[in-house]
Amino acid sequence: MELILAIFIGLLYACGVYLVLRRSIVKVILGIFVLSNATNLIIFLAGGIKRSGAAFIAEGAEKIDPATISDPLPQALILTAIVISLGIASYILALKYKYFEVTGTHDLDQLSKTDQK
Amino acid sequence: MNNNNFKNIILENIVTLFMKVMVIYSFYLLLRGHNNPGGGFIAGIIASTGFIFFAIIHGTKALQNIIKFQPQLFIASGLSLVFIAAFLPVIISKEILTGLWIQTKIPVWGEFHLGTPLIFDTGVFLVVIGVILTIVISIMEVLKWN
Amino acid sequence: MSEYLPLLIGLLFLSGILVTVLYPIFKQRLGWVLSLIPLTIFVLLLISLGDIGTQTIKLLPSDFSLLPGIDFAFRMDGLSAIFGLLITGIGFLVVLYASWYMKNYNRQAHFFSYLMFFMAAMTGLVFSDNLMGLFIFWELTSVTSFLLIGFDHHLEKSRQAALQSLLITGFGGLCLLFAAILIGQIAGTYQISEIIASGIDFTAHPQYQLIFILILVAVLTKSAQFPFHFWLPGAMQAPTPVSAYLHSATMVNAGIYLLLRMHPVLSGTILWKYSLILAGVITMFLGAWFSMGQKDLKRILAFTTISALGTMVLLIGIGTPLSIEATLVFFIVHGLYKGGLFMVAGIIDKSTGTRDITVLSKIWKPLPATTIFGVLALISMAGLPPMLGFVGKELVYVAKIHLPGISWIILPLGVGANIMMVAISLTIFVEVFYTKSKKPAIPIHYTEKKLPWYFILGPGVLALAGLLLGLFPAGLNQVIANALFVTKNQVVDVHLLLWHGFNEILLLSIFAILLGVIVFVFRKPVTKFIRLTIKWFDIYHLPTIFMNVMNQYLKIAGKYTQRIQHGYHRYYLMTFFVATLAITAFQINWNFTELVPLGGFSTIRLNIVILLMVSSLAVLFAVFSMSRLSAILSMGVVGYGIGLLYLLYGAIDLAITQFLSETVIMVLFVMVIYYLPKFAKLSNKRSRIRDIIISLAVGAGVTIVVLHSRALNNYEPISNFFTENSLLKAHGRNIVNVILVDFRALDTLGEITVLTLAAIGVFSLFRFTIKKESK
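Residue numbers (this note's numbering), protein chains in the order written: chain A, 18 to 134; chain B, 35 to 180; chain C, -9 to 765.
Rendered as structure tokens:
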């Protein structure tokens, strides 16, 4: 399973990198989404997927054997990362919208000059 | 869209109901988040999803009326709560962000723990709502989505 | 009293910050309020002079250290006391003076903030007992003086002068840092007191030459010694209060302080002696020579400062107790008269609107008090009785005469410089103040009656201090002796006298004065000749050469930067991806069985495989779709697919968050998408194939790294701790949530800050548009 997941992550990365290398800004934004999702998956995989119980302590019990649940730490980290990427995504959207509005072009190669025309 | 020649009463009512359910549900998720699936982030996004749909149908003005305050105020109050929760332990000379707990027994609920992490989570909840609403309202107002 | 020293220095820094708050309250009275701080410190220092007897050094170690061994430990001894007294005393007068001088400037609050920081840095510098602390303060003075010199930043000249001084003194600061590190390495400590107490013979150390040269460069740049002297005349672009402060008690004198402070450690070698003497003697004479050829009052004074600094460096180079005593006295003398003269120049500038001595005349009538103070300072500069300047100059002569071996070359140059000083003082007196000159009187904007008293207080106090100390120089005996003990590590009896009796030194003085008068009488041909030499010297005009070198450097740097910073977004990314890939490929072990440890995989679950296949198809569709909406929707499918994956692996909270945030992102995207352009094929086929190759390579690389990382399990996961203590210590059954809000709440705190910033960013980006439209 790890092998398949790793290949899936590789595919996501390949797609993300390809999108990011485009000249059209919309594609670049999409690429950034893909890359952030793929990176979250890497962290998730790093926590191990053999143990797949939900990370909750059952009612009445005092603790739970770590060997039975999936690792909670990567989950917490990814949760943070997802919400941050939500913020980043909206910021990039706003930025690109603004860029398009100001420059009137969506070709990133036109961005090589910092001055407005 | 709050357009006069395109007014769908059923849709509007459904969305209003949906929003109310989402907001109430989000409070529920927030409060139980420490023991069950849920928590500040999830609750915050759920509530703001309700608000977003409401704003799409009714327009941002109506949303502003519903939430009463500027969304930035949500961010500010959320951040204040978080910082209160973070620095409350400092007053009794502990490291910042140490969890402080009060144990109480509530008749129906049973044993109940009230602590700074809950304040912290509530702060996160408010910040998430504020952030998403700020973004959505900005975008919608500028791009004339209402 | 000296225990409060660190607090007082902190207070000075604090006042620099508080100016922002205080300015709206006090407005034009701000200078008054601020001046109380240096005044307080000055008084406290005066009181604490009683604390430190001849042979005590009070150490004030600090509890707080930046890095091990690097802290803000302070010391209070005779040497620090002299410098500290002058810095805070003149600082007090300068702040008061500036409060009127700057009244018509914009950004007054900035000015006072910079000035207070500068004062704080300088005070910290002279009281620091840690070499690194000293270095930090040293650089702070460079930075703050940069801000002060370039205060009129709308003027090109100001900016250039500020940059020049920053580059030169900053370079010296770096040399000081290296020297401090070397000394610290050898001694094993950065505390100056411990270095001196350790008794290590630095002069015998193989790295002594390097250390000394580094210190020498630091001193020459900071104290404007030849060949780095040229930044100081440029620095007169600063507002006059700053010039007065820079020249009299701070900044340039930091170099002198450093030499005196390092004297016990590094002095006594031939290298020390002759390089300092050489630099000092050249600077002393050149400064005096050049100042005679100037027309701008402030420029004249700037060159005399260079000359005076040369004298001090020279005296330190000589290194006998007598010469160090002369240095200290001369430092006080110079601080008093130079501060006063600059302030007088500022007053004249304010009331007439010019500083050109060929235009100025007959200032005596409208500005009587200013004239008296100015003339007293000039007498001190010329080294005439009864001012303290006379005492200082006599001592300098004594020190030079008693120099074995080379006094025959030092003495004539010294007397030559003194002749110039006499001539310059006379010239300024006659050209500017004297009533009976032939020039027409200059029109006056402000007569003295219109000037507030505290504007004239500065030069008045300094001139009277010079006069009083000249009449009763014995008052300084103890102070000088204390400082001398620190520098020379021996008890020396100091007896300062105004009247030495009739001896060869007095003859020298009279000779110098007579020649000075002669030079003054023939000043027209002399200045002509000097201007000629300056012109000849200007072929090697150092500021221009310096600026040319800098410009060339910037040009080359710009050329190379443009090659790297070409502005093409995707080539940046491409460079990044390819480089990362290459480094990773270089790093990992290419043995295949170790590279991708097969085996030990968990069982394949069919539902997840199907999920992954759907997601893969969706992402490929998103990449190659030409429709924006379908691309976004298929991106949503990928996002939900990953959410489901989380759910199937038991990460419930994660799955919910992923679903929800994916929804919100899609909604946002759909809202904006119609305002964004349609997809278009912008790149040609070749570059697309190249990008496909790169992205496939990156994908493969990531796969390998992910698989490879599975084999690495070096530490026990920290999450076991979280799992065990989640309920017991944090009273929560949802471990993920407990980690978020309790165990690792700091991460969450950071995260919501990022979110807030993103919201502010979006908000301002869109609001800015609205404003633009409404115009």
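Don't be surprised by glycine CBs; every beta carbon is placed ideally from N, CA and C.
Put simply, the CB of Pro71 of chain B is near chain C, with a gap under 8 Å to one of its CB atoms. In its own chain, leaving out the 5 sequence neighbours on each side, no residue places its CB closer than 8 Å to the CB of Ser606 of chain C. In chain order, Leu730, Asp737, Thr738, Glu741 make up the part of chain C whose C-beta sits under 8 Å from the C-beta of Thr97 of chain A.
In chain order, Tyr639, Gly640, Ala641 make up the part of chain C whose C-beta sits under 9 Å from the C-beta of Ser87 of chain A.
When secondary structure is reduced to three states using DSSP, Leu312 of chain C falls in the helix class. In this structure, Ala298 of chain C and His324 of chain C form a Cβ contact; the two beta carbons are roughly 5 Å apart against a cut-off of 8 Å. Legend: CB atoms of the region 80 to 112 of chain C lying less than 8 Å from CB atoms of chain B are not found in any residue. Cβ-Cβ distances below 7 Å link Gln106 of chain B to Gly164, Thr168 in the same chain, with the five nearest sequence neighbours on each side left out; the list follows chain order. Here the alpha carbons of Tyr664 of chain C and Leu177 of chain B stand approximately 10 Å from one another. Counted as a single uninterrupted DSSP element, the beta strand (DSSP E) harbouring Arg65 of chain C occupies residues 64 to 66. For Leu86 of chain C, the closest alpha carbon among the candidates C:Leu75, C:Ser70, C:Leu105 is that of C:Leu105. Partner residues in the beta bridge of Trp135 of chain B, as assigned by DSSP, are B:Gly149. Proximity of Ala749 of chain C to chain B, defined by a Cβ-Cβ separation below 8 Å, is satisfied. Nearest in C-alpha terms to Ala77 of chain B, of all of B:Ala96, B:Ser172, B:Asp155, is B:Asp155. At a C-beta separation below 9 Å, Val116 of chain C has no neighbours in chain B, since its nearest C-beta there lies roughly 37 Å away.
The C-alpha of Leu63 of chain B lies about 19 Å from the C-alpha of Ile95 of chain A. Listed along chain A are Val100, each with a C-beta nearer than 8 Å to that of Val162 of chain B. In this chain, the beta strand (DSSP E) harbouring Lys48 of chain C covers 48 to 50.
Scanning A:Ser41, A:Leu22, A:Val51 for the CA closest to the CA of Ala31 of chain A turns up A:Val51.
With the criterion set as a beta carbon lying under 8 Å from some beta carbon of chain A, the region 281 to 310 of chain C has no members that meet it.
In this structure, the straight-line span from the alpha carbon of Asn493 of chain C to that of Val381 of chain C is close to 14 Å.
C:Ser427 is the residue among C:Ala367, C:Ser427, C:Leu634 whose C-alpha sits nearest the C-alpha of Leu350 of chain C.
Taking a contact to require three or more Cβ pairs closer than 8 Å, the region 392 to 401 of chain C and the region 279 to 295 of chain C do not qualify as touching.
Here Trp489 of chain C is exposed, its C-beta having fewer than 16 other C-beta atoms within 10 Å. The residues Lys340, Ser341, Thr342, Gly343, in chain order, have a CB closer than 8 Å to that of His435 of chain C in the same chain once the five nearest residues on each side in sequence are set aside.
Within chain C, no residue has its CB atom less than 7 Å from the CB of Phe103 of chain B, the nearest being about 15 Å off. Per the DSSP secondary-structure output, Phe73 of chain A pairs in a beta bridge with C:Asn724. Buried is the label assigned to Trp90 of chain C, since at least 16 other Cβ atoms lie within 10 Å of its Cβ.
If you keep only unbroken alpha helix (DSSP H) runs of at least 4 residues inside the region 653 to 700 of chain C, you get 675 to 700.
Considering only beta carbons, the part of the region 53 to 85 of chain B lying closer than 8 Å to chain C consists of Gly67, His68, Asn69, Asn70, Pro71, Gly72, Gly73, Gly74, Phe75, Ile76, Ile79, Ile80, Ser82, Thr83, in chain order. In the DSSP secondary-structure assignment, Gln181 of chain C is bridged to C:Asn120.
Residues of chain A whose Cβ lies closer than 8 Å to the Cβ of Val165 of chain B are, in chain order, Gly104. Residues of chain A whose Cβ lies closer than 7 Å to the Cβ of Ile169 of chain B are, in chain order, Ser107.
The beta carbons of Gln92 of chain A and Val654 of chain C sit about 20 Å from each other, so the pair does not count as a contact at 8 Å. The alpha-carbon of Leu447 of chain C is positioned some 19 Å away from that of Leu378 of chain C. CA-CA distance, Ser103 of chain C to Ser135 of chain C, rounds to 12 Å.
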